[in-house]
Each structure stands twice: as C-alpha cells, then as structure tokens.
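Residue numbers (our numbering), protein chains in the order written: chain L, 14 to 510; chain B, 38 to 159.
Quick notes on the structure that follows.
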C-alpha cells in the first residue's frame, strides 16, 4: 500500500487544520485529536516500503513511451534520469522513526487532553502540524521540500513554546525566531547554489551528479553551498553556537511540549544529516567538520548542564548534548557508525521524552524547577521516581537499556574506524551524563524535603504515569532486542554508503 | 551594458549582507525584523536570478511554439515555483515574528533587543 506514504504527511496536516477550525468546541477537539493521534502510528506499520512520486511524475527513464517521444538531447542524456516531481522514500528507517514519533505525538496529546479541562484546538493544531512537517522532512528526497517543512516546523515549535505559561516564553520565542529567520534563508541560499549547479533540488539527482563527475566536489560554489547548508543544519539541531537557545526553548515549553520539541529536533537532525551525507560525502573534510561541531556540542552542553540549577534547563542541555552522539556517528562515516547514530537518534527521541514528562511532574507538584529548592519527593511519588531513574540510566548508557546498546555500537564503530580518542570521549561524556543525572535525581527525590517546599496534594494524572511507563517499556524492549530496529537501519545505511 | 544576471546576483548579495548586519548589530527589534526580511528577499532574488536567460521567453508552451525552440529559449521554471513557495513561507514567519514583537512591546514598553532579550536566562 504505497498510497499510504503521502498520507503520513497529509493526515496530520488536515487534522491540524480541522482542529484549528474546531477550536472552542472542547469535547469535539478532544475526541477528534485522540482518534487521529491513536490512528497515526498505524500508518507507518501498514504502509509498504517504496517510493511515491507526487503527481505520478516518475523519472523519464521509468516511462519508456514518453522518453522515446522526446528529443534526443533529453532521451540520450542524464536529463532522462532526473526526478521531475517531489519524491517520497519510505523504508525501514522511516517506518521505525515515524512509528515512535507518532506514538510520542499520541502520548503528548493524551497527556494534554487529560491535564487540561479545556483542550485548545490551536495547541493540537501546532502538535499535528509539527508532526506532519518533520514527517515530510524524513520522507522527502527533495531538499527544497525539506526546507519548506523545516520552516513550518520552526514556526510550530515557536507556537508550542508560546502555549506554555512560562513568563519568559515570548522572549525565548523571539530569540529563536530571529535566529531561525536568519538560518532559514541562509539554508535556502545554499540550496540555490546546488540548484544552479545541478538544475535540480532532488537529493538523489544532486548525489548522482557528484558521483558521475558532473560537479567538481571541491569547486568553490559547491563548497559554499556546503557551508550555507551546514550552517542551517547546526542551527536547526542546536549544535554550537546554538546549543543555549535550543536548551532554553525546551525549558520554556510544557513537559509534553518539550518532549515533542526534542523529537522534532532529532528527526530534523537525522533528515538533514542524511541529506548532507548523501550530497557532500565526497568532500574530504566533511567527517572532521561534523565531528568537530558534535564534540563541541557534547562538551559545551554537558558543562552547562553541570553548572545549571534549573531542572528543565539541565534536561535540555543533556538532550542537546546527546545529539552530539548522533553527529559523531555521522562524522565517523562508516556503515556501523551511521547505523548506530540512527539507533541513538531513535533512543534519544524516547528517553528524553520520558525524562521531560517525568521531571515535568515535579514542576506540576512543586511549582519550582530549581534543584536547590527541591527534595523529598520519593516519599510521595516513589513509582515515578523509579521510572525516571531508569530513564536516566538509559540516557547515561547503563546496560541493558536502549541507550547502552546504541552507545556501545557507537564506541565500537569509533574503535573499528581507528578513532580510539573519540571512543574515550564518548565514554567520559556518558559518565558525566550519569553524574549529572544522579545529581538532579538526588536533589529532587532523595535529599530531605526543604521546610519551605510545598508539594501539592493533587494526584498525578494517570495519563502521565501511563505515558512514562509506555516509554520506559520501549526503552527496556529496545535495550533487550535492539535487532528489532537495527537490522532495518543497517539495510538503509547499506544502500547509502 | 551591465549584465542583468550579474547585477541581480550582486544585488541579492547586498540584500543578504545588509540584512545580516541589521539582524545582528541593530538593537531595535523592528529593525532586526526588517533586516530578516532583507535576507529572505535576497535569497529569493538569488533563486530568481538563477532562472534568468538572456532574451529568453516565459516558460509557458503556447500552441504556435515548437517544443525544440521552446526548450532552447524558455527560462528555467523551477526556481520561480520554488520562490513562490518561499515567499509564502517567508510572509508567514514574518507575521509570527511581528506578532511576538507586538506582545513584547506591550509587555516591556520598549523595542530594544538588549533591554528585552538581554536579561532572559539564555
């Protein structure tokens, strides 16, 4: 059922528009958003692998009758291979990532429906629009199409930040928008240079043009396009110098909103990262470039997390730092390392969502996220404490959880590729992540309760506990059976490298 | 006579540079937003310039044109389509950023970026 491929983008977008129209009709918004959100994860599971050509515009070479009727300077040249329309590719990687992304979207909506007496159609609009836009980015084989949905995702992210109750949300949103509005056109200019060189914005066409020698991979125009697109990439994923603003937006949103924001960042990272690898893999310095920025991201973020006292900012910095592992996997550039990076991306999506939602409970109960003012929560909420603790272990790479499996693969790939220093850095960063996590866990749960801290008597919604439990089960299952997804990832990477 | 394509390319480069200067170095948020708009339009002009063809025709195939002649003489239509989409996206993001600027002005009574954004914790 290849027709389901575009529906993964179309359904969230139509749902977003519908829910925005229904804004104000509380029960209708709740019912419609719940039904659509629970159905969405099924689409990637039911869809067949393959390509979808929008408008039926397949490359001319696949359409013999039409090709023979065209002039010879089209039919006998590379023009016949060009992708005329937008192409979506759906494979094992997309299936796994989209299933878990939609599941996370469902959990975020489930929590929102249960937490808020009045469900906002506009907020649901933002979540569905964000899901639809990053899905399009992951599926698309067209870099301009990716850029358009990247801009939509940025705007949806800003909307999610603004829908929280944080006092500083407008200031943070403005900073993010200013940076995004600079990063977006710079990315577009880079795409323009590629268009000027190849005449197409299809990633496969551009990649083929480089492989076949039609483009000199060290020509100034090609290098300039790399610089511009790389800048757009590091902005979108929060690698330095954008790591502080990225962690700030996580801390300003609601807990379930932060989980969605981080999931968007991970999918954008993977989509643009894979596009960059496919187009620019012939550049001699690309690996070093990616490794450098990823290492900076990891080290700076973990350092900031160590000195920070705001719980949500700490998780934000840890989440941004974890993205550095993905970058290292891409930077090492072997089949094993890229597979490990993709697996780490999937794990990151699940683990950080668990931590954002889990620690969000603390904010809900105590109205503070300052770790110096917290303490003693294990007495009142031991179940959540244990689940969050295991989630933190997964992030730090403690066996047998999913974070351990992906980090082990990354370390093995670094050793196999003769980068022992990178393996050592990854182990050290994991240890520091573990220490940071233990510090915040101790401050919030184990430390004696400060006298001036008031813990609300209200019960934590069951939807929140259930969501944390589901995410935790996924962490354990993927930790015990990583081959459930790694096999498909490996097949995808095999076709790439 | 000045090459139109080269002039447009230089112009788009100037737009982007002026926009970058305004967005990074000017303190007034509205001026920053104007700078951002300059960068967006510079990028759009750059794309449009790529499609330019000296003495070319609009890429619409009319009944009296032979396909061979049309292919040789028409401008490249893809960048036009891309810019059309980009303009819409740019206008939308500009609307959002202006709306946030309005809220910030009501909240702080000022449009100074250093005053409004400088003291937040990032």
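Virtual Cβ for every residue (Gly too), placed ideally from N, Cα, C.
With DSSP run on the structure shown, which of helix, strand or coil describes residue i?
i	result
residue 65(L)	strand
residue 214(L)	coil
residue 501(L)	helix
residue 411(L)	coil
residue 89(B)	coil
residue 425(L)	helix
residue 129(L)	coil
residue 347(L)	coil
residue 132(B)	helix
residue 268(L)	helix
residue 473(L)	coil
residue 178(L)	coil
residue 55(L)	helix
residue 341(L)	helix
residue 317(L)	helix
residue 468(L)	coil
Using CA atoms only, rank isn't needed, just tell me which of the options is closest to residue i.
i	options	result
residue 436(L)	68(L), 481(L), 467(L), 344(L)	344(L)
residue 145(L)	23(L), 500(L), 185(L)	23(L)
residue 354(L)	230(L), 247(L), 189(L), 503(L)	503(L)
residue 57(L)	242(L), 17(L), 333(L), 368(L)	17(L)
residue 99(L)	154(L), 485(L), 446(L), 85(L)	154(L)
residue 359(L)	276(L), 324(L), 374(L)	276(L)
residue 341(L)	287(L), 300(L), 328(L)	300(L)
residue 423(L)	392(L), 389(L), 351(L), 476(L)	351(L)
residue 230(L)	295(L), 174(L), 431(L)	295(L)
residue 364(L)	228(L), 391(L), 328(L), 432(L)	328(L)
residue 53(L)	272(L), 28(L), 338(L), 336(L)	28(L)
residue 45(L)	64(L), 138(L), 112(L)	138(L)
residue 388(L)	180(L), 413(L), 463(L)	463(L)
residue 123(L)	83(L), 50(L), 84(L)	50(L)
Please report whether the beta-carbon of residue i lies at a distance below 9 angstroms from any beta-carbon of chain L.
i	result
residue 84(B)	yes
residue 95(B)	no
residue 67(B)	no
residue 54(B)	no
residue 80(B)	yes
residue 40(B)	no
residue 104(B)	yes
residue 144(B)	yes
residue 128(B)	no
residue 100(B)	no
residue 115(B)	yes
residue 160(B)	Lying before the first or after the last residue shown, residue 160(B) is absent from chain B, which here runs from 38 to 159.
residue 123(B)	yes
residue 51(B)	no
residue 71(B)	no
residue 48(B)	no
Residue i bridges to which residues according to DSSP?
i	result
residue 103(L)	63(L)
residue 65(B)	149(B)
residue 94(B)	111(B)
residue 105(B)	Bridge partners of residue 105(B): none, in fact.
residue 323(L)	383(L)
residue 153(L)	101(L)
For residue i, would you say it is in contact with chain B, using Cβ-to-Cβ distances shorter than 9 angstroms as the test?
i	result
residue 146(L)	no
residue 284(L)	no
residue 101(L)	no
residue 183(L)	yes
residue 108(L)	no
residue 463(L)	no
residue 386(L)	no
residue 253(L)	no
residue 175(L)	yes
residue 19(L)	no
residue 249(L)	no
residue 79(L)	no
For the stretch 43-50 of chain B against the stretch 74-88 of chain B, do three or more pairs of beta-carbon atoms, one drawn from each stretch, fall closer than 8 angstroms, so that the two count as touching? The stretch 43-50 of chain B, when compared against the stretch 74-88 of chain B, does touch it at the 8 angstroms Cβ threshold.
Would you be able to state if there are at least three C-beta pairs under 8 angstroms between the stretch 208-222 of chain L and the stretch 248-260 of chain L? no
So, do the stretch 216-228 of chain L and the stretch 89-104 of chain L have three or more beta carbon pairs nearer to each other than 8 angstroms? yes
Hey, is the stretch 451-471 of chain L in contact with the stretch 58-73 of chain L, meaning 3+ C-beta pairs nearer than 8 angstroms? no
Counting Cβ pairs closer than 8 angstroms, one from the stretch 376-385 of chain L and one from the stretch 302-312 of chain L, do we hit at least three? no
Measuring CB atoms only, is the stretch 235-242 of chain L touching the stretch 195-208 of chain L, in the sense that at least three cross pairs come out at less than 8 angstroms? yes
Using 8 angstroms as the threshold, is the stretch 162-176 of chain L in touch with the stretch 115-131 of chain L, meaning 3 or more CB pairs across them? Short answer: they don't touch.
Mind the definition here: the stretch 60-71 of chain B touches the stretch 478-497 of chain L only if three or more C-beta pairs lie below 8 angstroms; say whether that holds. Here the stretch 60-71 of chain B does not lie against the stretch 478-497 of chain L, with fewer than 3 beta-carbon pairs under 8 angstroms apart.
Does the count of Cβ pairs from the stretch 141-149 of chain B and the stretch 83-98 of chain B closer than 8 angstroms reach three? no
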